[in-house]
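Heads up: the sequence shown runs through residues 299 to 384, numbered per this note's numbering. The block underneath contains the structure these notes are about, expressed in structure tokens.
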Amino acid sequence: MKITFLGAVRKVTGSCFHLSVNGLQFLVDCGMHQGLNSDALNRKPFPFDSKAIDVVFLTHAHIDHTGLVPRLVREGFRGKIITTAA
């Protein structure tokens, strides 16, 4: 298993963790950055192929955990999204 911390590192917003396990790829959250330099951070290319992600797990429905999901889909994500009921 490989875990890469992509967001919410040394700050609160932009939560995103990439996991690679036995040839499958997962994201835990795909959140939007907020605050200083947020526009540039939210437009920064994903460091993974969106089409290769199998499952996205969303921890909860805050924009800093879910805000970049529409972009992920625009860039080719077609996997499952798993989250709690509203």
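All C-beta atoms in this analysis are idealised placements derived from N, C-alpha and C, irrespective of residue type, glycine included.
Q. DSSP on Asp352, reduced to helix/strand/coil?
A. coil
(Q) I need the DSSP call for His363, collapsed to helix, strand or coil. (A) helix
Q) Taking C-alpha atoms, which residue in Val319, Thr382, Leu334, Thr302 lies nearest to Thr364? A) Thr382
Q.
For Gln332, which residues in the same chain have their Cβ closer than 7 angstroms to its Cβ, ignoring the five residues on either side in sequence?
A. Thr311, Asp362
Q. Taking Cβ to Cβ, would you say Leu370 is nearer than 7 angstroms to Ser348?
A. yes
Q: Could you work out which residue in Gln323, Arg376, Gly321, Phe315 is closest to Met330 when comparing CA atoms only?
A: Phe315
Q) With 16 other CB atoms within 10 Å as the buried threshold, where does Leu334 fall? A) exposed
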